[in-house]
Structure formats: C-alpha cells, structure tokens
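**Student:** Read top to bottom, the protein sequences are chains A and B. Counting from 1, position 342 in the first sequence corresponds to residue 531 in the working numbering; the numbering is continuous, with no gaps. Counting from 1, position 156 in the second sequence corresponds to residue 664 in the working numbering; the numbering is continuous, with no gaps. Backbone N, C-alpha and C fix where the C-beta goes; we use that ideal spot for every residue, glycine too.
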Amino acid sequence: MNENTHEVNKLKEVKLFLGPQHPGMHGNYSVHMYVDGDIIKKTRPMPGMLHRGFEKLMERKLWMSNTALIPRICVIEPDINEMVYAMGVEALCGIEVPEKAHWIRMMILEMARVATHLFALGGIGGPTGIYTSMYWAVAERDLILDLFETLTGARVYHIFIVPGGVRKDLPDGFLGELSEYLNTLEKKLPDFQELLLKHPVIHARTKDNIMLPASVVHDLGVTGIGMRSATGTPYDLRKVKPYARYDQVEFDVPTATYSDALTRIHIKFEEIKQSIRILKQVIEKMPNTTDVKVPFDKGNALKWKVPAGMIYTAVESTRGEYGYFIVSDGKEKPYRIAVRGASYPQGLLGIEKYLPGHRIDDAPLWMDTMGVCSPEIDR
Amino acid sequence: MKKSKSLLSPVKAWKYLIKEPVTVSKKDIFLTPREASDRYRGFHTNDHTKCTGCGTCSDICPTDAINMIEMPDIEFEDGKKQERPAIDYGRCSFCGLCVDICVSDSLHMSKEYIHLSTDPNTFYFMPDENGIHNTPQKTGYTRDDVSDLLDLDRYEMAHEGVMRKKSFIEVVKGFSLQMALAESARCVECGVCTATCPAQMNIPEYIRSIYDGDLEEGIKQIYKTNPLANVCGRICTHKCETACVLGNRGEPIAIRWLKRYIVDNTPADQYEAAALSYVSEKANGKVAIVGSGPSGLSCAYYLSTLGYEVDVYEKKALPGGVIRYGGPEYRLPEKSVIKDISMIEKAGVNFLCNQKLGTDISLEALRDQYDSVFLGIGFSLSRPLPLPGSDNNEVKYAIEFLGQARDYVRGIRQMPDIHERIAVIGGGNVAFDVARTLLRLQEEKYGKSHVTMASLEARDKLPADLEEIEEGEEEGLLYNFGYGPQHIQIEEDKIAGLHVKKVNSIFDSEGKFNPDYDEADQHLIEATQVYIAIGQMAEYDFFNEEMQSNIEMFRGQVKVEPNGQFKDYPWLFAGGDIVRGPDIINAVDTGHTAAKSIDEYIRKKRK
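And the structure:
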C-alpha cells in the first residue's frame, strides 16, 4: 500500500453534522454522523443543545409555578407534561378532580395528539420532498391551535391542565367549534391518504426501510407506536392503565407486526382517526356542570404544599409512555422530579446503535418515524 | 393494514389549485389582522390606581420576569406600597399566573402580541392600562373564580354562645391548629400590614412561623416590636387587617387571631426563651418609667433589651394600667395580662406599685435619681359630661367602674353597686365594655339584665367595632343610638331616667360640633343608674408651674418630638395615650421608640 492509497482511505470516512439547527421536530439537537459515501457508518447523538435544566429548575419553583415551565419539556406536545404533573400532584395530595375537568383534560390531550401527529406527518414531507403534505398538515394543525387559543389563551404552551383540574371552564360554544373542525378534518383525511400514504415516493423511501424489529423494541425499551407496530401488542396506557376518562370512551389501538417506516406512518394516521373518534364522544358526554377545579391545598398558591411521598405517573404520548417521577418532602416546592421522556430510548441509544447502516437522507426520516422529540431527551 | 400505492394518487392534490387558498394574505396580516381570542395571554396591562404594589405577581412568576419597581411619585396610602410591577419580556412565559393571583384585580393580559424592536430595553417595561405600545388595549386573559389562586374566605372564629353573658368567660375561643394553619396559608406575605401597623410588627414573618410550624420563631418575631403579645393578640385595634391586601377582593387575614394563636400555643419554655432572647445585661444606666400601661411596659421591656435597669412606678396596686383596669375579662382574660407582664418582669424590670406621681414621688426626684424618665401615664380619668342631673350619686364614670369591676372579677373587691335598670351614654368601645360588663353583673345579681345605650351617633356611624355592636345586641343590650342625652331626670333625689332626643345631625354645615335635634322625637330611658363613657383624659397636675407653661398641649395630649422627647426637657420622654391618644398598639410603638431614643440620649450624655 503506497502513501497515496493510505490518504484516500483516510478521506473515505467523512464526519457530517445533522443539526443542531432548528428546522422543526428533529435537528434541534445534534447527531454526528461518520459516513462512507452516503451510507452512515457510525453515529454519535450529541444532546445538550436544548438542555434547560428543567428537572433542577422545578426544585426551586412553587408547585403551581412549575405548571408554566413544564410544557416546554416537550415542545410539540406540551399538554402531556401538564397532565402527568397534575396527576402526580393530585395522587400525592389525595384529591379527586371534578368530573368535567377529566373530560376537558381528555379533550385537550386528544386535540394535542391530533396536532402532534399532523405535525409529524407533515414532517415526512420535508425529507421526502413532498412539501405539499407539510403545508397541508401545518395548516390543519394551525386550526387546532386556534381552538387551543380560544380555550386556553395560548396556541402552543397552554398551561391549562393544572393540579386540581383545569384552569377555566369551557368558553361558550367551544364544543360546537371543535365539532365543526373535526368534521372538516375528517373530510380532509382521505386527501392526506392520497397525497402521502399512497405516494410512490413515500413508498420508495419508507417501505421496508428504517426497520424496528421486536428484538430492538425490547432491547431499548421502546414504547408507543414503535412498540405497537413491531410487536403487535396493543399496549397503550389509555387502555391498560386508563387515566382521565379513557375508560369511558371507545377507541381502538392500531397495531402491526412488521415495523418499517411506512407501517409507523400508517399507524399515526390511524391514530388520528381514533382521536377524532374519542373527541366526538367527549363532545357528546361532556358533563353539563361548571365545576372544573379544586385547590390541592389550603390557602393561596404561594403556600400550597404537597404531602411528602413519591409517585410515578405516566400517560400515553404520541411517542409512547411519558412519565414523571415526583418526590415531595411536604414543602412548597418539589424535592425532585425526574422526567421519563418517551423518546429517550430510541432517541439516544437507538440513534447510536441502529441509525448506522442507513443512508444520510434517511436520517431525518429515521428520527421522525421513530418518534424522537429532542427537548424531552435534553430537558 | 392496507398499504396500497398509487402513481396517480398524488395528482389528486391538484384539485386544490382551483380552490380558495387557506393562507392569510399579506393585506390581511397588516391591515386587518386577526384579533386574538378573548382569553389570549398577550402583553400585560395594569391599572395603577387599583394596583397595591404587593408583589404577589412577582412571587408566583415562574420565570422571575416581574420586578417590583419603587415609584416614589405614587402617593402613600395605607394598604398600598409605592411599588409597581415591571415585566421583562425576555423572561416572561405568558402563563398568566400573575393575573390569576393578583390581589387587586388590576393586572390583566391584553390581546396585543406583536412587539418588534431592535432595542432590547423596550422588552422590559412597566405596564399600565395602555400596555406595551401605549395605545388602548383590548383585554385578553383575565382571572375568574375558577382560575383564582387566592383563598379569599377567612376561617371563621368560633365564639362562645349567648349564655356567655352569665359569666366573664372569654368570648372568642381562638383558632385550632388546623384553622390557624389554613388561615396562615392565605397570607401572601406582601408586608403591607407591617407598613400600616403603628408598631411596624413583622406580621408576615410571624404568620409564616405558624405555617412552618415554628411557633418559637413566631414569638421571637412578635417580641422584636411588641412585648404585649397576649394583649395585642386579643384586643389590638388591628389596623393591619384593614390594610391587608386580601381585603381588596375578599376577607383580610385574621392577623390578630393568628397572633393570639402563637402566644396561646407556644410551649411555656420556648415562649420564655424566645421572649427573653433579646434581654441583655443591665450595665448602661437607670431609667424611671411612670405608668405601667402599654407604653410604659413596652418602653421598659425594650430598655431592658438595651441594657438598662428600669423602675416602673404605678399608682394602682397592680401593674398594667388600662390592660389591668380597663379592658374587661371577657375580652382580655387576666391570665393573658399576667403572662405579658410577668415576661417583662422576667426581663429584669422592677415594678413599684402604689406610687402616684405628684403625691408619693415627684418628677424632680425621679430626674435626679435616674438617667432619664419616661411618662406613660395614660388617660386615666373619665371625661365628664355636664348634663343637668349629672351631679347625682348614681351617675358613674367608665374608667372608675371598669377598674372596680375588674377587681371584683379578680376576686379582690366586692361587687360594685349595680341597679336593675341602667342607661349608658357613649358609643365607643369603652362604652360597650361598660355596658357589657354591667349586663354580666346584672345577670349575676338579678338573673336578668336591662342596660340601655344611648349615643349621638347613629348605629352605622358608631365609633365602636362592629363585633362589639353585634355581640352586645346578641347578649341583650338595648340600643338607643342616634339619640342625644338631654338631661338626667331626678325625682326625689333619685334618678328616674335619661331623657334623650333624636339627633338629625351632629356637625353643622361648617363641620363644627353642633348637634341638631328633632324636637318631635324625644323620650325617657327609664333607669336608676347612668354610666358615662364618652371619652378619657389625662391628669397633668404633677408638672410644676414652669413645666405647665413650657409644655405645649393639644386636645389633652402633650407635644413631644417624633422620638418621644420633650423639647425643653431632654431627660424626659413620653408615650402612649398622652402622645397619640388611646390605642394600645400606638402605645406599644411610642414606648419602643422612646426606649431607643432614651438609649441614644443616655449614650450621648455619657460621651
């Protein structure tokens, strides 16, 4: 081997950076990729760009003040944070939330699920070049954000589900607006199907690609769509350990036994339909009362304490099991809160172990369909 | 799951080419922008006239975006601070918790959400009603009953039932632990109360001690500014509660009852350790205090914390002044008085009783024997009412009677001579003390009561506390408020009753005291005894002639420097009723202030 060949071999492997720019869901943390040609040989996820120290910060804020911080842990689907936090605090305090608050919470969570899935489906448009789907999805999601704005006063960080219930009662005519929106969305879904799910380019890029075998699911501890698409197990916390009023609505948990990217996209699409089904039942069954909140302790919010104890609460996010482990020492501020981000297994270890072997342009698709939400990994 | 593929399917999206676009046109963005929702959490607006400057918004803010800025231009008034919130929009998370907890309902959020500037400083501003762009704002997010983060309802204090009138049992029962904890948790710790309290008591701090379960700390905080903790926990005029910011939207914190909870529930050893923790060795000098009422006691305690030997001269047999001989047992039990006074005694203060200034000792002698003298003689005489017939033997005065009644309850004196039908003149708290004490004594003596009260002021204008009026009525007092006494009717040297006339107005058009009566509405209140409780005054006959002429007087009070010192007699200080009128918490403050001034005076003198 002469000296020139050696130089060529050295140049054969190039280091590329995926992120940290902020093009949407994936990419606001960095993945260092060592590539040979357009094949990724080795990857190194580089978290930390989005680290805001939420877990530590929460120890220094009042129980009530924390409700304003936590939605930022998962930017695209903030409401799950509010929900797990509220559930944990309520369990520690031993309080029961008014019935209507349960239904409003479930409504918010399902609206958020639709919005997040739409965002993810739109996100497929970027790496595959089908930008129309991105525009459509973001436009539809914006209409949900309009509804959120009417209901909560904010489009993204709603800060509406609080320990003890929800912050305010429904505004007048809200359920009507929601119902109207669901009808338009339902009409639009077949178009999505035509444009995205049947698209030959999508099939070319995602079918039999970006595989998630059942062995990897167990290896990493993947939950949510990843797990359900690979193992065929209908493990959904809304079914197996119902919270809010999920035990009082009918819906199916779509599963599959062969998890390529296309299957996972299909399941997301199916879940949107199921969420619409749930929302329609919520509209129908929403209690006709005005009682939506109880204080979780006596006095004013500056003095609210949570009895000493520890608890793990979890909800089904769009990416899987999303949980908080809350420890209280009985004071006005949490002693410790640890967040189980649903995309932690696939987003950190998964990228390092299973992204190599794919093509460079599949990396964003990998992150999208695996359900990687970097802020919840970084926290 | 059917995953079909179709080459033609994407083409179907072309049908949208002929449909209306869903995007917003540039024209609509800039000329007719969409209005935000009614609950929109945009930039803040704050009504500065309603804002109390309490800083609760700043306390709840999860991002520390709200700073309270001093505004010296704002006129000072009780219940408000001269501060207003300024918000840093580089930090604000637009959560609206500040709006939900605002005690005055002054802080709202607007529908305004666009602010563009290259100057970062413009993102930090103090919102007023016109918001960030100084233009009229549409209101967005506001608080409602559900989102409210305050607890506005006071925990009701339990009272003894109406049968309390059969004895001198304390009327107010006091908080239980649970109630005290819940009540203390309502406090937002803004400190507006401290600014209003004449003694500047560390109110949020001692309320906090209940919440934290550290009552010893509570005693320490109370004794920093008030050694009459038991007395003030029961009969303070609680100006703090009038100022409490929670009163803007709800009921103020029961500050007085919380103080009472601390003093009643701190274990004796902890209480003593905390109360005496400030006392220091007596090495700096000797001070004489005349009068052992609240101001004298307060001055004595603080002088002992400053290292002075203190002798308190009291003309009566027991120390305490108005708290010993004034306030009735059912409002201020003897044990509370003893607890306060004994703590001051333990601080090293000497009490010399049965020593009347001017008779047993002279001011000059005190001046020569001590480094400084403090006068806390109080208003110890009843103000006379020159009414026809008031020279009768059965016309009695409040102060003398209350002292006798107190001594009777204490068991060291016989029951005063109480008749079956009595009229009481006056509408202040002292008049109620007299009437309700009389009623109890009548119940004891005759098994029934008949006490009628009359005053110039109508019921809604009475100077007495509302609780006195309500409780008195519950106990069976008869009211003739708004009827001015004309004369005491005497028949055969005995009182037949009090003649009263309906009052149209008390003051004339120039604001002078000049009652106008309705001649058509007059009647006789049948009674064989009349008690007069229309005010108190001091006795100054111990001042020598020179002092009489040098010391300036105003409405029965002496004029002293703000530190309590007499201008022409630097060795002499005064406090209490004779400086600020009758009020216990003011007396405590003047005593404390004088103690500090006396210390300063003696130190200067020594140099």
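Applying a beta-carbon distance threshold of less than 7 Å, which residues of chain B neighbour A/T305?
**Tutor:** Simply none; closest approach about 20 Å.
**Student:** Measure the alpha-carbon distance for A/M190 versus A/D225 and round it to whole angstroms.
**Tutor:** Bear in mind that a pLDDT of 49 at A/M190, under 50, signals an unreliable position, so the number given afterwards is only what the model happens to contain. Their Cα atoms are separated by approximately 20 Å.
**Student:** Would DSSP call A/P496 helix, strand or coil?
**Tutor:** Coil at A/P496, not helix or strand.
**Student:** Compare the C-beta of B/L766 with all C-beta atoms of chain A and state if any pair is closer than 8 Å.
**Tutor:** No - not a single Cβ of chain A is within 8 Å of the one on B/L766.
**Student:** Along chain A, which residues have their Cβ under 7 Å away from the Cβ of B/A690?
**Tutor:** Correct list: K487, G488.
**Student:** Note down the Cα distance separating B/D627 from B/D572, rounded to an integer number of angstroms.
**Tutor:** Taking the straight line from one Cα to the other gives about 21 Å.
**Student:** So with CB distances below 9 Å, who are the chain A contacts of B/V654?
**Tutor:** Simply G354, V355, R356, K357, D358, T479, D480, V481, K482.
**Student:** Please name the residue, chosen from B/G1084, B/D722, B/C569, B/P924, that lies closest to B/G1064 on a Cα-to-Cα basis.
**Tutor:** Closest option to B/G1064, Cα to Cα, is B/G1084.
**Student:** So with CB distances below 7 Å, who are the chain A contacts of B/L657?
**Tutor:** Those are M253, N489, A490, listed as they occur along chain A.
**Student:** Closer than 8 Å between beta carbons: that is the criterion. Which residues of the segment 598-613 of chain B meet it against chain A?
**Tutor:** Listed by position along the chain: S601, F602, C603, G604, L605, D608, I609.
**Student:** How many Å lie between B/F490 and B/V1066 at the Cα?
**Tutor:** This structure leaves residue 490 of chain B out entirely; chain B is present only between 509 and 1115.
**Student:** So does the segment 855-868 of chain B actually touch the segment 964-984 of chain B, counting three or more Cβ pairs closer than 8 Å?
**Tutor:** No: fewer than three Cβ pairs fall under 8 Å.
**Student:** Who are the Cβ neighbours of B/A1095 in its own chain at under 6 Å, not counting the five residues just before and after it?
**Tutor:** Same-chain partners within the cutoff: P802, S803, G1084.
**Student:** Give the list of continuous beta strand (DSSP E) stretches no shorter than 3 residues that lie fully inside the segment 675-721 of chain B.
**Tutor:** Taking only runs of at least 3 residues, no beta strand (DSSP E) segment lies wholly in the segment 675-721 of chain B.
**Student:** Report the residue from B/E1034, B/I907, B/R944, B/L624 whose alpha carbon sits nearest the alpha carbon of B/A931.
**Tutor:** The shortest Cα separation from B/A931 among B/E1034, B/I907, B/R944, B/L624 belongs to B/E1034.
**Student:** Counting pairs of beta carbons, one from the segment 374-386 of chain A and one from the segment 279-286 of chain A, are three or more of them closer than 8 Å?
**Tutor:** Taking 8 Å as the limit for Cβ pairs, the verdict is that the segment 279-286 of chain A does not touch the segment 374-386 of chain A.
**Student:** Note the first and the last residue of the continuous beta strand (DSSP E) segment covering A/M222.
**Tutor:** Unbroken beta strand (DSSP E) run through A/M222: 219-225.
**Student:** Between A/D380 and chain B, is there a C-beta pair that is closer than 8 Å?
**Tutor:** Judged by the 8 Å Cβ criterion, A/D380 is in contact with chain B.
**Student:** My parser needs the alpha helix (DSSP H) runs of 4 or more residues fully inside the segment 950-1003 of chain B; what are they?
**Tutor:** Qualifying alpha helix (DSSP H) stretches, in chain order: 974-983.
**Student:** If you measure beta-carbon to beta-carbon, which residues of the segment 537-567 of chain B are closer than 8 Å to chain A?
**Tutor:** Per Cβ criterion, the list reads A544, S545, D546, R547, Y548, R549, T564, D567.
**Student:** Within the same chain, show all residues whose beta-carbon is closer than 7 Å to that of B/V1068, passing over the 5 residues directly before and after it, in chain order.
**Tutor:** Result list for B/V1068: F1074, A1082, V1087, in chain order.
**Student:** Just how far apart, CA to CA, sit B/K956 and B/I711?
**Tutor:** Cα-Cα distance, rounded: 42 Å.
**Student:** Going by beta carbon distance, what residues of the same chain come within less than 8 Å of B/M923, once the five residues before and after it are set aside?
**Tutor:** Y916, L949, E952, K953, listed in sequence order.
**Student:** What residues from chain B crowd round A/A343, counting only those whose CB sits closer than 7 Å?
**Tutor:** In chain order: R549, F602.
**Student:** Is B/T750 helix, strand or coil by DSSP?
**Tutor:** Helix, per DSSP.
**Student:** Is any beta-carbon of chain B found at less than 8 Å from that of A/T422?
**Tutor:** So, not an interface residue.
**Student:** Measuring straight from C-alpha to C-alpha, what distance separates A/D331 and B/R651?
**Tutor:** Roughly 26 Å separates the two Cα atoms.
**Student:** Using a Cβ-Cβ cutoff of less than 6 Å, which residues in the same chain neighbour B/D1097 once the five nearest sequence positions on both sides are dropped?
**Tutor:** Excluding sequence neighbours, B/D1097 sits near P706, A707.
**Student:** Using a cut-off of 7 Å between C-beta atoms, extract the partners of A/H392 located in chain B.
**Tutor:** Ordered by position in chain B, the residues that pass the 7 Å Cβ test against A/H392 are K513.
**Student:** Below 9 Å on C-beta distance, what does A/I348 contact in chain B?
**Tutor:** Those are R549, S601, F602, C603, G604, L605, listed as they occur along chain B.
**Student:** Span of the beta strand (DSSP E) holding B/L860?
**Tutor:** Element bounds for B/L860: 858-860.
**Student:** Please confirm whether A/K387 and B/S512 have their CB atoms less than 8 Å apart.
**Tutor:** Closer than 8 Å, so yes.
**Student:** Using Cβ-Cβ distances below 9 Å, what residues of the segment 424-437 of chain A are close to chain B?
**Tutor:** Residues passing the 9 Å Cβ filter: none.
**Student:** With 8 Å set as the bound, which would you pick, yes or no: does the beta-carbon of B/R662 sit closer than that to a beta-carbon of chain A?
**Tutor:** It does not: the Cβ of B/R662 has no partner Cβ on chain A nearer than 8 Å.
**Student:** Measure the Cβ-Cβ separation of B/A762 and B/R662 and say whether it is below 8 Å.
**Tutor:** Taking 8 Å as the Cβ cut-off, B/A762 and B/R662 qualify as a contacting pair.
**Student:** Could you check whether A/M400 and A/S368 sit closer than 8 Å to each other, using their CB atoms as the reference points?
**Tutor:** The answer is no: Cβ separation not under 8 Å.
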